[in-house]
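Asks:
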Amino acid sequence: MQSAKNYTVITGASQGLGKAFAEICGKHGRNLVLISLPNENLTILKQNLIQKYDIEVLTFELDLTDSSQLYDLCKELKNYQIDILVNNAGMGGTKAFLDATSEYIDNIVLLNMRSLVILTHQLLPQLKQQNQAFILNISSLAAFVPMPFKTIYPASKAFVYSFSRGLQTELKKTHVHVAVAHPGGMPTNPDVAKRIGSHKGLVRLSILSPEKTAEICMEKLMKKEAIIIPGKINQLSSVLQRIIPINFQLNLISAKIKKELEIIK
Numbered sequence: 000m001q002s003a004k005n006y007t008v009i010t011g012a013s014q015g016l017g018k019a020f021a022e023i024c025g026k027h028g029r030n031l032v033l034i035s036l037p038n039e040n041l042t043i044l045k046q047n048l049i050q051k052y053d054i055e056v057l058t059f060e061l062d063l064t065d066s067s068q069l070y071d072l073c074k075e076l077k078n079y080q081i082d083i084l085v086n087n088a089g090m091g092g093t094k095a096f097l098d099a100t101s102e103y104i105d106n107i108v109l110l111n112m113r114s115l116v117i118l119t120h121q122l123l124p125q126l127k128q129q130n131q132a133f134i135l136n137i138s139s140l141a142a143f144v145p146m147p148f149k150t151i152y153p154a155s156k157a158f159v160y161s162f163s164r165g166l167q168t169e170l171k172k173t174h175v176h177v178a179v180a181h182p183g184g185m186p187t188n189p190d191v192a193k194r195i196g197s198h199k200g201l202v203r204l205s206i207l208s209p210e211k212t213a214e215i216c217m218e219k220l221m222k223k224e225a226i227i228i229p230g231k232i233n234q235l236s237s238v239l240q241r242i243i244p245i246n247f248q249l250n251l252i253s254a255k256i257k258k259e260l261e262i263i264k
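When we follow numbering that gives the first Met the number 0, the leftmost residue of the sequence shown carries the number 0, and every step to the right adds one.
1. Which partner residues of Asn-30 appear in the DSSP bridge assignment?
2. Compare the C-alpha of Leu-57 against each of Leu-69, Ile-43, Ser-66 and name the closest.
3. By the DSSP assignment, the beta strand (DSSP E) with Glu-60 in it spans what residues?
4. What do you get for Arg-29, buried or exposed, if any count of 16 or more other CB atoms within 10 angstroms of its CB means buried?
5. Going by CA-CA distance only, name the one from Ile-227, Ser-66, Gln-14, Ala-132 that's closest to Leu-115.
6. What is the residue span of the alpha helix (DSSP H) that Phe-158 lies within?
7. Look up Asp-82 in the DSSP assignment and say whether it is helix, strand or coil.
8. Rounded to whole angstroms, what is the Cα-Cα separation between Leu-166 and Ile-242?
9. When DSSP builds the beta bridges, which residues end up paired with Asn-136?
10. Mapping the DSSP letters down to three states, classify Lys-257 as helix, strand or coil.
11. Compute the distance between the beta-carbons of Leu-61 and Leu-72, then report whether it is under 7 Å.
12. In the structure shown, what three-state DSSP assignment does Ser-13 receive?
13. Which residues does DSSP pair with Ile-43 in a beta bridge?
14. To the nearest angstrom, how far is it from the Cα of Ala-19 to the Cα of Leu-36?
15. What three-state label does DSSP hand Ile-227 in the structure shown?
16. Compare the Cα-Cα distances from Lys-94 to each of Leu-135, Gln-125, Met-146, Ser-163 and report the closest residue.
17. Measuring only the C-alpha atoms, how far is Glu-39 from Ala-225?
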């Protein structure tokens, strides 16, 4: 039997941008379905959100790269009325392509692309039952330009952009609005903050907190914007990416990421 309450589903909800989405949605009184890997303190987050906002919070701890776990989740979520889906879960990293293991490559492909597509496909019938519903897919500014030493991540985010724009057009005469967000760098954990700190110029100026990024994304989602680029500097960067010759960008990015690799070592 399906619940009579509406829920917002957020993947990758235990930390970083996903946790920020949970906070901003809870603040606005939305009941939540939070999804993350096991052992990431999701229960603590659940208790805090219930205490602060007096909402209903459901949690599911699983590996979205595991096909059986993913489909079991989709089956369970059919018991709930869902009006917002935030496909936030994702992973990346910095290493030479040949230094990456097959498992590492597979996990990026399965998490960043397949899990997002399957969740959207499986939950779309429920979303279409609502008078108004939203899908927010989290891409990245990296979607707009290839990146050496991060080759798979930006390619996966370009897929998210293309998929989202196609689906948005397909559903534009329905009550389901699809948006894709392209955040820039965020200090989501100490390691990421350290890597971001190695950059200078626009990259450093473009940094927004996960909390501010989530706030902007949700505000623009509710306004039914199709492409969301949080932050003025990030918007400028996206324009420059279309103007500056790609070979120049690749050489510049390569030099910056090599410095990042030195910091990681």
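Think of the CB as a built atom: it goes at the ideal place given N, C-alpha and C, for glycine as much as any other residue.
Replies: Reading off the structure:
1. In the DSSP assignment, Asn-30 is bridged to Tyr-6.
2. Of the listed residues, the one whose Cα sits closest to Leu-57 is Ile-43.
3. Note, Glu-60: beta strand (DSSP E), 56–60.
4. By the 10 Å Cβ count, Arg-29 comes out buried.
5. Proximity to Leu-115 across Ile-227, Ser-66, Gln-14, Ala-132 peaks at Ser-66, based on C-alpha coordinates.
6. Segment 151–169, the alpha helix (DSSP H) holding Phe-158.
7. If DSSP states are grouped into helix, strand and coil, Asp-82 belongs with the strands.
8. Going from the Cα of Leu-166 to the Cα of Ile-242 covers about 27 Å.
9. Looking at the DSSP assignment, Asn-136 forms a beta bridge with Asn-86, Val-179.
10. Taken through DSSP and simplified to helix, strand or coil, Lys-257 comes out as helix.
11. Contact check for Leu-61 against Leu-72 passes: the beta carbons are separated by less than 7 Å.
12. Coil at Ser-13, not helix or strand.
13. In the DSSP secondary-structure assignment, Ile-43 is not bridged to any residue.
14. Approximately 17 Å between the Cα atoms of the pair.
15. Three-state DSSP puts Ile-227 in a strand.
16. The shortest Cα separation from Lys-94 among Leu-135, Gln-125, Met-146, Ser-163 belongs to Met-146.
17. One C-alpha to the other measures close to 31 Å.
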